[in-house]
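**Q** First the structure, which I've put down as structure tokens, then a few questions once you've had a look.
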Amino acid sequence: MNEGISTAEITGTAEAFYDGLQRIKFGKEPSELLNLSFVGYALYDNPQVAKAIFVPWEYQGGAGTLSK
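Every position in the sequence shown, counted from 1, becomes a number in my numbering once 10 is added.
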């Protein structure tokens, strides 16, 4: 019988603008983009494992597809 594992997670989104060398691809104004993050640990009551995922430069409207 598998009772599962208790975990704790949090997600985050930070707004940013791309103003780098490839800016010409995205138009004259800096493109809006997001930095996505996910952090968690397990076991909830006795942490033994931690995880962190960071996705830089995710453009508006793409996060739904990414999360699938």
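Glycine included, each C-beta is placed from N, C-alpha and C at the ideal position.
From a predicted model like this one, the values you see are computed outputs, not experimental measurements.
(1) Among the residues of its own chain, which have a CB less than 6 Å from the CB of Ile63, if the five just before and after it don't count?
(2) If you measure between the beta carbons of Leu46 and Thr23, is that distance less than 9 Å?
(3) To the nearest angstrom, how far is the alpha carbon of Thr75 from that of Ala26?
(4) How should Leu53 be labelled, buried or exposed, when 16 other C-beta atoms within 10 angstroms of its C-beta is the threshold for buried?
(5) Going by the DSSP bridge assignment, what does Tyr54 pair with across the sheet?
**A** With the given structure in hand:
(1) Stepping through the sequence shown from its first residue, residue 63 is reached at position 53. For Ile63, where only same-chain residues beyond five positions count, the Cβ hits under 6 Å are Phe48.
(2) Here residue 46 refers to the residue found at position 36 of the sequence shown. Here residue 23 refers to the residue found at position 13 of the sequence shown. Yes; because the gap between Cβ atoms is below 9 Å, this pair is in contact.
(3) Within the sequence shown, residue 75 is the residue found at index 65, counting from 1. Within the sequence shown, residue 26 is the residue found at index 16, counting from 1. In this predicted model, Thr75 has a pLDDT of only 47, less than 50, meaning its place in the structure is not dependable; the value taken from the coordinates is given anyway. When only Cα atoms are considered, Thr75 and Ala26 end up about 19 Å apart.
(4) For the purposes of this step, residue 53 is taken as the residue at position 43 of the sequence shown. Flag for Leu53 reads exposed.
(5) By 1-based counting over the sequence shown, the position of residue 54 is 44. DSSP lists no partner for Tyr54.
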